[in-house]
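What follows is a set of notes on a single structure, which appears directly below.
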Amino acid sequence: MSGVDPAAFVTGLTLSASLIVAIGAQNTFVLRQGLRREHVAAVVALCGLLDIALMTMGVGGLAASLGQHPHALEALALAGAALLAAYGVAALRRALRPPTLSAASSDTTTPQPLARVLIQTLAISLLNPHVYLDTVVLVGAVGARQPPGTQGAFLLGAGLASGTWFAALGYGARVLQPVFARPLAWRLLDVVIAATMWALAAGLMAGALGG
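Sequential numbering of the sequence shown, starting at 1, is according to our numbering.
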């Protein structure tokens with residue numbers, strides 16, 4: 001990984017993975033398209049590109065607008081740490097009451113045109129406020145705190161996690177569905193996510209208070 005800062009890359013990878021691997025409308029939609037084997041490549045690519053675009057806007061925009069205001073950046077980092085900690089608590093609660101991941105209407109009848117599927121993908125992705133909170137605000141806060149010259153590596157890791165997850169859901173749908181239909185799988189995954197969130201929150205808070 002010549003020219004890529006490993007620490008920033010891993011931070012982006014783990015943060016993005018922890019945020020995206022959760023039951024939600026977008027993930028269920030991608031899984032459903034995978035089960036239908038309908039426009040999977042287009043849906044996976046669009047979801048991944050949207051995530052990358054929003055995360056890049058968050059990191060670049062926050063870094064550019066707050067770079068000259070270190071106290072504001074520190075305050076944002078502390079807010080991001082608090083949000084990560086809260087997400088960790090939410091993941092732990094999900095582990096105590098694990099859900100299941102299913103996709104309704106997984107039949108392969110009545111294929112939909114590509115344009116309609118893409119519009120549905122855009123709507124599900126962009127009309128969810130949590131998408132902006134996760135990508136623009138939270139990923140932006142963590143990315144803006146990365147050392148100068150390492151934000152590209154951070155975004156590379158974050159984008160890789162997002163793209164890999166969507167590809168796994170879309171192309172591995174028929175394998176993943178029975179796995180994540182089991183509450184134990186989500187219980188174990190959410191415990192790992194909670195620990196990751198808290199570790200990232202601690203690092204973000206330490207950087208803000210130490211900076």
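Beta carbons: idealized from backbone N, C-alpha and C, even for Gly. Quick caveat, the model's predicted, so the values are computed rather than measured.
- State buried or exposed for residue 36, treating a residue as buried only when at least 16 other CB atoms are found within 10 Å of its CB. Mapped onto the sequence shown, residue 36 falls at position 36. Flag for residue 36 reads buried.
- 8 Å CB neighbourhood of residue 13 in its chain, flanking five on each side removed: Within the sequence shown, residue 13 is the residue found at index 13, counting from 1. 157, 158, 160 and 161.
- Query: At a cut of 8 Å, does the region 88–98 reach the region 191–210 through at least three beta carbon pairs?
  - Reply: yes
- Message: Beta-carbon within less than 7 Å of residue 77's beta-carbon, same chain only, minus the 5 sequence neighbours each way: which residues are those?
- Response: As a working note, residue 77 is residue 77 in the sequence shown. Within the same chain, residue 77 has close Cβ partners 141, 145, 204, 207 and 208.
- Item | Endpoints, the alpha helix (DSSP H) within which residue 14 is located | As a position in the sequence shown, residue 14 is number 14, starting the count at 1. Residues 6–20.
- residue 170 versus residue 200: straight-line alpha-carbon distance, rounded: Taking the sequence shown and counting its residues from 1, one reaches residue 170 at position 170. Taking the sequence shown and counting its residues from 1, one reaches residue 200 at position 200. Those two C-alpha atoms are separated by around 28 Å.
- Query: Under the three-state reduction of DSSP, which class applies to residue 98: helix, strand or coil?
  - Reply: Residue numbering aside, residue 98 sits at position 98 when the sequence shown is read from its first letter. Coil at residue 98, not helix or strand.
- Query: Once you ignore the five residues that flank residue 57 on each side, which residues in its own chain have a CB closer than 7 Å to its CB?
  - Reply: Within the sequence shown, the letter at position 57 stands for residue 57. Hits under 7 Å: 136.
- In chain order, which beta strand (DSSP E) runs of at least 3 residues are fully inside the region 102–154? none
- If we call anything under 8 Å between Cβ atoms a contact, is residue 121 one with residue 29? Position 121 of the sequence shown holds residue 121. Position 29 of the sequence shown holds residue 29. Yes, the Cβ-Cβ distance between residue 121 and residue 29 is below 8 Å.
- Item | Limits of the unbroken alpha helix (DSSP H) element including residue 174 | Here residue 174 refers to the residue found at position 174 when the sequence shown is read from its first residue. Looking at the DSSP string, the run of the alpha helix (DSSP H) that includes residue 174 is 173–180.
- In angstroms, rounded to a whole number, what distance separates the CA positions of residue 173 and residue 180? If you number the sequence shown from 1, residue 173 lands on position 173. If you number the sequence shown from 1, residue 180 lands on position 180. Cα to Cα, residue 173 sits roughly 10 Å from residue 180.
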